[in-house]
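Protein chains in written order, with the working numbering: chain A, 1 to 337; chain B, 338 to 674; chain C, 675 to 1084; chain D, 1085 to 1494.
Just so you know, even glycine gets a beta-carbon here, dropped at the ideal spot from N, CA and C.
Read the structure below first, then the notes.
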Amino acid sequence: MARMSMVEAIRDAMDCKMAEDERVVVFGEDVGYFGGVFRCTDGLQRKYGKSRCFDAPINESGIVGVAIGMGAYGLRPVAEIQFADYVYPGYDQIVSEAARLRYRSGGEFFAPIVIRMPCGGGIYGGQTHSQSPEALFTHVSGLKTVIPSNPYDAKGLLIASIEDDDPVIFLEPKRLYNGPFSGHPDQPAVPWAKHPLSEVPAGRYIVPLGKAAVRREGKGVTVLCYGTMTHVAEAAAEETGVDAEIIDLRSLLPLDVDAIQASVEKTGRCLIVHEATLTSGFGAELAAQVTERCFYALEAPVERVAGWDTPYPVSEEWDYFPGPARVGRALVKAMET
Amino acid sequence: MARMSMVEAIRDAMDCKMAEDERVVVFGEDVGYFGGVFRCTDGLQRKYGKSRCFDAPINESGIVGVAIGMGAYGLRPVAEIQFADYVYPGYDQIVSEAARLRYRSGGEFFAPIVIRMPCGGGIYGGQTHSQSPEALFTHVSGLKTVIPSNPYDAKGLLIASIEDDDPVIFLEPKRLYNGPFSGHPDQPAVPWAKHPLSEVPAGRYIVPLGKAAVRREGKGVTVLCYGTMTHVAEAAAEETGVDAEIIDLRSLLPLDVDAIQASVEKTGRCLIVHEATLTSGFGAELAAQVTERCFYALEAPVERVAGWDTPYPVSEEWDYFPGPARVGRALVKAMET
Amino acid sequence: MTSAPRLSLHVPEPTVRPGGKPDFSHVGIAEAGEVPRPPIDVNPSEIRDFAYTMIRVLDDNGDAVGAWVGALTPDDLRKGLRDMMLTRAFDARMLLSQRQGKTSFYIQSLGEEAIATAHRKALKPGDMCFPTYRQQGLLIAYGWPIVDMMCQIFANEQDRLKGRQLPGLYSAKEAGFFTVSGNLGTQYPHAVGWAMASAISGDTRIASGWIGEGATAESDFHSALVFASVYRPPVILNVVNNQWAISSYQGIAGGESAKFAARAHGFAIPSLRVDGNDYLAVYAASLWAAERARANLGPTLIEWVTYRAGAHSTSDDPSKYRPKDEWAAWPLGDPIERLKIHLIRIGAWSEERHKQMQAEVEAEVLEAAKEAESHGTLHDGPKPSAATMFEQVYKDMPRHLREQRQQLGV
Amino acid sequence: MTSAPRLSLHVPEPTVRPGGKPDFSHVGIAEAGEVPRPPIDVNPSEIRDFAYTMIRVLDDNGDAVGAWVGALTPDDLRKGLRDMMLTRAFDARMLLSQRQGKTSFYIQSLGEEAIATAHRKALKPGDMCFPTYRQQGLLIAYGWPIVDMMCQIFANEQDRLKGRQLPGLYSAKEAGFFTVSGNLGTQYPHAVGWAMASAISGDTRIASGWIGEGATAESDFHSALVFASVYRPPVILNVVNNQWAISSYQGIAGGESAKFAARAHGFAIPSLRVDGNDYLAVYAASLWAAERARANLGPTLIEWVTYRAGAHSTSDDPSKYRPKDEWAAWPLGDPIERLKIHLIRIGAWSEERHKQMQAEVEAEVLEAAKEAESHGTLHDGPKPSAATMFEQVYKDMPRHLREQRQQLGV
Ligand SMILES: Cc1ncc(C[n+]2csc(CCOP(=O)(O)OP(=O)(O)O)c2C)c(N)n1
Ligand SMILES: Cc1ncc(C[n+]2csc(CCOP(=O)(O)OP(=O)(O)O)c2C)c(N)n1
Ligand SMILES: [Mg+2]
Ligand SMILES: [Mg+2]
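Encoded structure:
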């Protein structure tokens, strides 16, 4: 056990898998000698050599494309996209190739790859360093989509993803890299060390894909969220005193529908929170499924709090970000209807 | 007035706009001399010359990218992507550039472009000639997404899209190009000429973006659909005798929420049908909005019938395609709950 | 300053269109034997001019001449001839099956048979090809059962791909044949990545990537070249320049004033431009590239110059955009004819034996077709069960797919 | 056959890392005046060797020599010197503002000032540049108000981009400066498309696209070259090779054994490789390319060889991956210093006047900064209203955005 930041936990997951499995290779823009712009791969090249951890040309399509080729060969590549906002040039390789190989080859070829990328806002990064594109992956059959909210999960989910034989999109909320974030930019930054979920076991362990975690038990309203919003929702519940049950989905696909259903059937109310823009966000799928599965238990419409349907701005960041105030208002409203 | 197929109506829209507006240029793979693999641009190069209608290199990213540059210059490019399944290489240019130019330049630059592409299944095209990627566009703020279901709408919507100052994704259900399709592959093909909506006025007219059309009035259940599914839903309603109100959305973004709300409040039931894979499809957004807006009017959960969450197969096409049998069963079920 | 002229857009146009007289003067053809054969560790900068000439072995008389002649025995050559003839007969039969409605769609490789078949001969077991839809010759030259290929085309119960893929988009891992993508260009970076993996693993196997000249315009072509240039993995990057991309001639891909082989120069990747209708030249150039790769000298790009003699696919009518008789005027001829003449010239073949072989391959194809059809065709007979539709989307079927399968009732 | 060796992956590595002695022997530098100046309608195939040498005008003594000297007057040169000095002073001030928390982030162009400023001089009003984040010199040389630039950096109430963009991602249509993208490479095809539109419209205006050597690896670089090659639009394709892409040296983009200028050869696009720290050479080469474009002769690619003297951005610490003193060893020197020496040498400048100008530009920047700050800085003072967040997503605000704005209560 050690206290780790999310960056350290992510690095530790790769370190652990690189040590025990020669097939694991790690690459991406600036990840080799320098160790990544967020330092997630720091030290790995020194430890495992240049042919297992290396810098890639600035070509996200190529990064994903060669990862697929490596995966088809039999390696287990972990590719980093420097920011999730830059994954789109590689989107074709992800959708048309990584996600389809196994199916179209009748199982002969597959792409056991992990594509890691920092996502989400809160760092004044503007429209090209703040996006949350998870819904663009959950719509694509053949992909798994994972997003941790704390160091413990980050390591366990990343190890599970590397061991998984399907392509995994691994989204890392960059605002959580170095500390939990309740959504109050004016409050002093807190390090992970103060948070219980920064206790990270040494060595290999997994957090299975497809299992949600209840972050806070409650009877009033179910909050479905993931990533940074887990912490924001916790803050909003504390601040409003609403008896919210907060579910951190952790993996969006596969989705833990049992956990969702059980909670909504208990509370009769459901609020969905995500950073991504509202329309066609993953919240829409969650809302649809909750309504399909729990219709007769629902006492109020399922509500969504999400990023506005605009590009992510810079100076209006805190008007854009679905912070504890907005989430809190929605919690209160949910209890009133 | 003339009887036209959807191919002819689409061509007529471009012809009409090219004739009246010098800024309109049309290009894409095989669209010039040959007139497009589906013949939508046939004759335009002969009529308007090679610098207004021309073949493009096989590079969808480049096609969208240069269209954006042309749009920023002041032209009104209409670019064809040969199949919607091949739009992904151009996805970055669409999401990061076309959709963002106006916003990030404070209105100085914008991309008044139309990106046309045949979509949907029903032609034994397999996973690379059958996809319906609309939800990948509706999640992106700054884009408009349009999908006609008949010749009249196709021409009017395409003219409206070309005249629109925002980037428009124009999806053309290829199974409808040469005739309506009720989803019964075993029934003989019907030409458009037999369908009332093949009456297409000569010259310019528009069907405004953001206005749905009621294809069939009914009191039992609202069916929200678009493209090929409009015809499938009509067939299913006829075959089951369910008193369905069928709404052809025509434009997904902007969305005609008034029409949707009015109908669901009347019927108290809602079925959503699309060809795209279920999870995170546009149906999720519709289901979420219907629940948010009409919760207290709903007598049954909103249901979705959609493509399965698998790549689009070839030989199992008719097990995959959400045909009248599946839609019919869902209609009956909706009435029973 | 003088006032600037009004600008205008240049749109490339082929020299001839339907009704015109075929003209291939722009192709850039060299004499057989003209180009030297450099050592495999040549500095790429020393052979830049190779991109602007053409490696050819068989001359107009059918003699094999020059430094690239190589060491193929008459047996090898007869096997090569047979591979090409079997490929052509296979294509002809499948075209017929398409017209008979036994499959929905077919893509033949008429006129380009030398490239895939001779290239395969230069590879070893364990090497991996990343083909497009026009390299059926790789499988046939490997000796892969054509019945298996037909079952895929008919999407029948024996189709290992379970009716999921368009006809001709095979997958045959055992034969070093990667699952063909319907998306152009995507497999080029896979070839590079696979080769990088081989290098990372200290393996000896090499990769061979394939792309059409039209698809070199795709971004993935660039991605592949960038990564190949940087990491120097053991990969052969094949560009099949068959002059056409559906209705677009090669000028629309940038071939009007440049040679595709020269695309490699900006990456310091050595590049050859080769007569793709010359079985001996294809084999020799492929071998050179394969030896380079195996010696850890890195990638080679090869532009194979050929002509797409048939329609793009069964959905296409080329007489709409090019002269009907263009193939007859194609200066590099027919690869089967040329190898046949060479074999006769060296006394290893005869018109008689050729006819016999033609009958033989046709019979082989016919018999295979019968067997394949007995397992079903697209609209007739046994087919993969609908339940398989939900399989192999993931390694293990997730809950939502199990539910959807139940909903379908299969 | 002998048994094959085990393969291994080649991963390029810069010649030196922190602690090492700077070594630029690989750059490939020619003597000033060495390269001839061809007519603008030269056949690209005749100047292929230009990609492997370097166009330089200013020699080590500060004399302007050779065919590319051009006709800039002392006044022009003094204006050029001032543009570079103002750019550098502007950068220095904005770096300071960032450290003071007045903005979140800044990217300077230290050491590369000649490229954008001299290039702009070769363009005309109406031409359109498609810059990256390191071409602030284009705006400054154009004479765009630096107060406006600062307001964007401070995201204040006068920011025409309404606080929506990262600092330095300007948009200034009037100044021929396209909205800068945070995504690398995307604007390169825009430049080509804009130039195609100009050609389609029978206009006389030309485009100038910009990309860093690291970003040439992006697929959009290829897209742009393909379309430029096919349609020959009036565009200048600038590649700024400043040796680094954040922590990755140019070898990771393919520059280890190839020259970026040579990327154009596969497209028959003429290509120049130019000393980017030589104001006269940058102007002359830009003018040559601009004249070609205006004469409807099509695109030109130019590799500007320079060195990123500062950190990548304020988020970066280059001493982690390269020697601290690398810039001092950079063989092409400092563009400001070199032009100053030249001006002194031709008797048109003095140390005295230089100091005076330095004081002048610093005062100008300081005054502008004061004015800009009076309109607010990132965390202080007036800022764009939150309501603007919902504007200009579309031309007219659609209903769902109106509803969302209401929800926010603004
Ligand atoms: C990404 C993508 N864009 C477009 C297509 C449609 N398409 C299929 S084949 C083809 C032409 C390819 O020409 P070429 O690369 O020269 O190969 P050839 O058919 O000549 O063998 C096109 C445009 C596709 N399959 N994939
Ligand atoms: C598509 C994309 N991928 C990655 C990045 C992150 N990124 C920003 S700048 C940079 C380095 C660019 O280097 P280069 O092109 O050489 O330009 P320079 O910074 O040297 O001017 C990277 C990788 C990005 N902005 N966009
Ligand atoms: Mg071709
Ligand atoms: Mg750089």
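Taking the DSSP output, what are the residues bridged to residue i?
i: D1362 of chain D; result: Answer is none; D1362 of chain D lacks a bridge partner.
i: E640 of chain B; result: B:L608
i: V25 of chain A; result: A:P77
i: P510 of chain B; result: B:C456
i: K481 of chain B; result: B:V505
i: A213 of chain A; result: A:D248
i: V537 of chain B; result: B:A339
To the nearest angstrom, report how far apart residue i and residue j are at their CA atoms.
i: G220 of chain A; j: A276 of chain A; result: 25 angstroms
i: A1279 of chain D; j: D503 of chain B; result: 21 angstroms
i: A889 of chain C; j: E787 of chain C; result: 19 angstroms
i: I1430 of chain D; j: G1150 of chain D; result: 16 angstroms
i: T604 of chain B; j: K387 of chain B; result: 53 angstroms
i: S1265 of chain D; j: M1178 of chain D; result: 20 angstroms
i: P661 of chain B; j: G620 of chain B; result: 18 angstroms
i: R3 of chain A; j: A193 of chain A; result: 6 angstroms
i: G572 of chain B; j: N912 of chain C; result: Per the sequence shown, the amino acid found at residue 572 of chain B is Ala instead of Gly. If I take the Cα positions, the gap works out to 50 angstroms.
i: F1311 of chain D; j: I1386 of chain D; result: 17 angstroms
i: G1296 of chain D; j: M338 of chain B; result: 55 angstroms
i: Q1476 of chain D; j: P1058 of chain C; result: 52 angstroms
i: A865 of chain C; j: P510 of chain B; result: 34 angstroms
i: G74 of chain A; j: G65 of chain A; result: 14 angstroms
i: E1115 of chain D; j: V1389 of chain D; result: 14 angstroms
i: G399 of chain B; j: S931 of chain C; result: 20 angstroms
Does DSSP classify residue i as helix, strand or coil?
i: I1036 of chain D; result: One cannot answer for residue 1036 of chain D here, as it falls past the ends of chain D, which runs 1085 to 1494.
i: T240 of chain A; result: helix
i: C825 of chain C; result: helix
i: S1303 of chain D; result: helix
i: G883 of chain C; result: strand
i: W868 of chain C; result: helix
i: L589 of chain B; result: strand
i: L561 of chain B; result: strand
i: G1021 of chain C; result: coil
i: I820 of chain C; result: helix
i: Y428 of chain B; result: helix
i: M1085 of chain D; result: Confidence in M1085 of chain D is poor, its pLDDT being 46 and thus under 50, which makes the residue's placement too unreliable to answer from.
i: I206 of chain A; result: coil
i: A448 of chain B; result: coil
Cβ contact (3+ pairs, closer than 8 angstroms) linking the region 772 to 782 of chain C and the region 835 to 855 of chain C: yes
Contact between the region 806 to 822 of chain C and the region 956 to 973 of chain C (3+ Cβ pairs under 8 angstroms): no
Meets three-Cβ-pair contact criterion under 8 angstroms: the region 44 to 62 of chain A and the region 221 to 232 of chain A: no
Given 8 angstroms, three or more beta-carbon pairs between the region 628 to 637 of chain B and the region 108 to 125 of chain A: The region 628 to 637 of chain B makes no contact with the region 108 to 125 of chain A: fewer than 3 CB pairs, one atom from each, lie closer than 8 angstroms.
Sufficient close CB pairs (3 or more, under 8 angstroms) joining the region 945 to 952 of chain C to the region 1358 to 1373 of chain D: no
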